[in-house]
Amino acid sequence: VNPLPDEDLEIQCALRGAIAKNSRALLLHDSDWNASNSFDAPDRVVPKPHPVKVEGSTVRLDLPRMSVATVTLTP
Numbered sequence: 001v002n003p004l005p006d007e008d009l010e011i012q013c014a015l016r017g018a019i020a021k022n023s024r025a026l027l028l029h030d031s032d033w034n035a036s037n038s039f040d041a042p043d044r045v046v047p048k049p050h051p052v053k054v055e056g057s058t059v060r061l062d063l064p065r066m067s068v069a070t071v072t073l074t075p
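Residues 1 to 75 (full-length UniProt numbering) are what the sequence shown spells out, left to right.
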């Protein structure tokens, strides 16, 4: 989660004792912070695939301001 309205975050996470071979991230974000889904635009704000990097036992992910992400790692 990046709740900051004026700063993107670079997330780095160490997997101690494990190595992920496959990874997937979904990002919930819109450049307009007031954006919402409606009957006219039901898919305005939806989770979208987002790049995540796995290097050995380190996972890296950039989070835009005001966004939420899920990361799935598999061995």
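From the three backbone atoms N, C-alpha and C, an ideal C-beta is built for every residue, glycine too.
Assigned exposure category for residue i - 16 Cβ within 10 Å defines buried
i, result
"residue 4", "exposed"
"residue 18", "exposed"
"residue 14", "exposed"
"residue 25", "buried"
"residue 41", "exposed"
"residue 69", "buried"
Bridge partners - residue i, DSSP secondary structure assignment
i, result
"residue 75", "Looking at the DSSP assignment, residue 75 forms no beta bridge with any residue, so it has no partner."
"residue 48", "27"
"residue 67", "2"
"residue 16", "None; residue 16 has no bridge partner."
"residue 55", "58"
"residue 22", "74"
Contacting residues, own chain, Cβ-Cβ under 6 Å from residue i (five flanking each side not counted)
i, result
"residue 53", "60"
"residue 45", "30, 35, 37"
Same chain, Cβ closer than 7 Å to residue i, five either side skipped, listed in chain order
i, result
"residue 21", "74, 75"
"residue 27", "47, 48, 50, 67, 69"
Other residues of its chain near residue i: CB distance less than 8 Å, five sequence neighbours each side excluded
i, result
"residue 33", "5, 66"
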